[in-house]
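Heads up, the thing below is written out as C-alpha cells.
In the UniProt record's numbering, the protein residues as written are 1 to 273.
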C-alpha cells in the first residue's frame with residue numbers, strides 16, 4: 001500500500017514564495033504541496049506565480065530537485081460576473097505543474113448560475129486533467145456540505161467534486177451522516193486542521209479564524225476521528241492551518257509545517273487511520 005499523500009497547503013505558510021514553500025515541504029516530510037495561483041483576498045500578500053515566468057521556472061526546478069509533487073491549485077472564485085473561459089490560462093499553469101485538483105469557491109447567490117458556471121469550469125478543466133472541487137464555506141454561497149453537494153450533483157460533470165475542509169465542516173454545522181453519503185467519486189482530497197472553541201455567532205469572527213487562527217490536528221475540539229473515518233480510506237490530505245499568532249511570535253514556517261504534519265499523523269495513528 002502506498003503511503004497516504006500529505007500535502008502542505010499554501011495558507012499554512014503563506015509568507016513563503018512557491019520555491020521556498022516546496023523546499024520547506026520537502027524538509028518537513030510532505031509528499032505534495034498546493035500552489036496558490038490566485039490570491040484569496042485583494043489584501044493578501046501574493047506571489048504572482050501564474051504571470052511570472054521566472055517564478056514558475058524556479059518553482060518547477062525546486063519540484064524537480066526535491067521530488068515534491070503538486071496536489072492542487074487555488075483559488076478560483078465563481079462570481080455573478082465570472083466568465084469561465086477567462087480561467088483557461090490558470091488551468092494551463094496548474095496542469096503544467098502536474099496538479100490534478102482545483103479548488104473553487106462559490107461566490108454567487110444565484111445558485112442556478114453558480115451551478116451552470118461550475119459545470120462550464122468542469123468542462124474547461126477536463127482536458128487539463130483537473131478536477132474542480134467546490135469548497136463549502138459558511139460565508140460563501142456554497143455554505144455547507146448539503147448545498148455544495150447539491151450544486152456539484154446538479155452540475156452533472158464526472159470531474160466535479162466537493163472539497164471538505166475540517167474547519168468549514170465544523171463551522172457550517174455539516175453532518176457526518178451526510179458526509180458518509182457523499183459518493184466516493186465526488187471527493188478526491190480533503191483539507192485537515194483543528195478548530196478551537198464553540199462556533200462563534202459572528203460570521204466575521206468565523207472568517208477571521210479561518211484565515212488566521214486554526215489549530216493543529218489534535219489541538220482543538222473538532223471530531224477529527226469521526227471526520228477522517230467518514231472520508232474514503234487513504235484520501236489525500238492537504239494540511240491547511242494558518243497560525244498567524246505563531247508567525248508573529250517568530251515561529252518559522254518550517255517548524256509550523258513540521259508540527260502540522262507530526263500532529264496530523266499522531267491523530268491518524270490514534271484513530272488507526
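All C-beta atoms in this analysis are idealised placements derived from N, C-alpha and C, irrespective of residue type, glycine included.
Practice item. Rounded to whole angstroms, what's the CA-CA distance from residue 134 to residue 268? Just pull it up for me. Key: The residue you call residue 134 lines up with position 134 of the chain shown. The residue you call residue 268 lines up with position 268 of the chain shown. Rounded to the nearest angstrom, the gap between the Cα atoms of residue 134 and residue 268 is 25 Å.
Review point. Given a threshold of 16 other Cβ atoms within 10 Å of its Cβ, counted over all protein chains shown, does residue 174 qualify as buried or as exposed?
Key: Mapped onto the chain shown, residue 174 falls at position 174. Answer is buried; the Cβ neighbour count reaches 16.
Review point. For the alpha helix (DSSP H) that residue 193 lies in, which residues bound it at each end?
Key: Taking the chain shown and counting its residues from 1, one reaches residue 193 at position 193. Taken as a continuous stretch (DSSP letters only), residue 193 belongs to no alpha helix (DSSP H), as it is neither H nor E.
**Study point:** Alpha carbon of residue 275 to alpha carbon of residue 187, nearest angstrom
**Key:** The requested residue 275 does not occur in the structure, where the chain is confined to residues 1 to 273.
Check your understanding: When DSSP labels each residue in this structure, what does residue 6 get in the three-state scheme?
Key -> Within the chain shown, numbered from 1, the residue matching residue 6 stands at position 6. Here residue 6 carries a strand assignment [DSSP, helix/strand/coil].
Review point. Starting from residue 45 and walking both ways along the beta strand (DSSP E), at which residues does that stretch end?
Key: The residue given as residue 45 occupies position 45 in the chain shown. In the DSSP annotation of this structure, residue 45 is not part of any beta strand (DSSP E), being labelled neither H nor E.
Review point. In chain order, what residues of the same chain lie with their CB nearer than 6 Å to the CB of residue 29, ignoring the 5 residues before and after it?
Key: Position 29 of the chain shown, counted from the first residue, corresponds to residue 29. For residue 29, where only same-chain residues beyond five positions count, the Cβ hits under 6 Å are 261.
Review point. In terms of residues, what are the limits of the alpha helix (DSSP H) holding residue 18?
Key: Position 18 of the chain shown, counted from the start, is the residue given in the question as residue 18. Taken as a continuous stretch (DSSP letters only), the alpha helix (DSSP H) holding residue 18 covers 18-28.
Practice item. Would you mind sorting residue 109 into buried or exposed? The rule is 16 or more other CB atoms within 10 Å of its CB. Key: Numbered from its first residue, the chain shown carries residue 109 at position 109. Result: exposed.
Exercise for review: Would you please state the rounded distance, in angstroms, between the beta carbons of residue 238 and residue 191? I believe it to be under 8 Å.
Suggested key: Position 238 of the chain shown, counted from the start, is the residue given in the question as residue 238. Position 191 of the chain shown, counted from the start, is the residue given in the question as residue 191. That pair is a contact at about 5 Å.
**Study point:** Residue burial classification, residue 83 (beta-carbon count within 10 angstroms, cutoff 16)
**Key:** Numbered from 1 along the chain shown, position 83 holds the residue referred to as residue 83. Around the beta carbon of residue 83, fewer than 16 other beta carbons sit within 10 angstroms, so the residue counts as exposed.
Exercise for review: Using the Cα positions of residue 24 and residue 166, report the straight-line distance between them to the nearest angstrom.
Suggested key: For this step, residue 24 is matched to residue 24 along the chain shown. For this step, residue 166 is matched to residue 166 along the chain shown. Taking the straight line from one Cα to the other gives about 23 Å.
**Study point:** Simplified DSSP assignment, three categories, for residue 1
**Key:** Here residue 1 is taken as the residue at index 1 of the chain shown, counted from 1. Any reading at residue 1 needs caution, since the residue's pLDDT is 45, under 50, leaving its predicted position unreliable; the model's value is listed next. Residue 1 falls in the coil class under three-state DSSP.
Practice item. Can you tell me which of 5, 153 and 87 puts its alpha carbon nearest to the alpha carbon of residue 50? Key: Reading the chain shown from its first residue, position 50 is the one you call residue 50. The option with the nearest alpha carbon to residue 50 is 87.
Practice item. Could you tell me if residue 251 is buried or exposed, where buried requires 16 or more neighbouring beta carbons within 10 angstroms of its beta carbon? Key: As a position in the chain shown, residue 251 is number 251, starting the count at 1. Under this definition residue 251 is an exposed residue.
Practice item. In angstroms with no decimal places, state the Cα-to-Cα distance between residue 222 and residue 126. Key: As a working note, residue 222 is residue 222 in the chain shown. As a working note, residue 126 is residue 126 in the chain shown. Rounded to the nearest angstrom, the two C-alpha atoms are 34 Å apart.
Review point. If we ignore side chains and look at the alpha-carbon of each, how far apart do residue 77 and residue 226 end up?
Key: The residue labelled residue 77 in the question sits at position 77 within the chain shown. The residue labelled residue 226 in the question sits at position 226 within the chain shown. Going from the Cα of residue 77 to the Cα of residue 226 covers about 30 Å.
Review point. With 16 other CB atoms within 10 Å as the buried threshold, where does residue 85 fall?
Key: As a position in the chain shown, residue 85 is number 85, starting the count at 1. Counting Cβ neighbours within 10 Å, residue 85 comes out exposed, since fewer than 16 surround it.
Check your understanding: What residue range is occupied by the uninterrupted beta strand (DSSP E) comprising residue 238?
Key -> Mapped onto the chain shown, residue 238 falls at position 238. Residue 238 -> beta strand (DSSP E) spans 237-239.
Check your understanding: What distance in whole Å lies between the Cβ atoms of residue 59 and residue 26, which are believed to be in contact at a cut-off of 8 Å?
Key -> In the chain shown, the residue the question calls residue 26 occupies position 26. In the chain shown, the residue the question calls residue 59 occupies position 59. Rounded, the Cβ-Cβ distance is 13 Å, inconsistent with contact.
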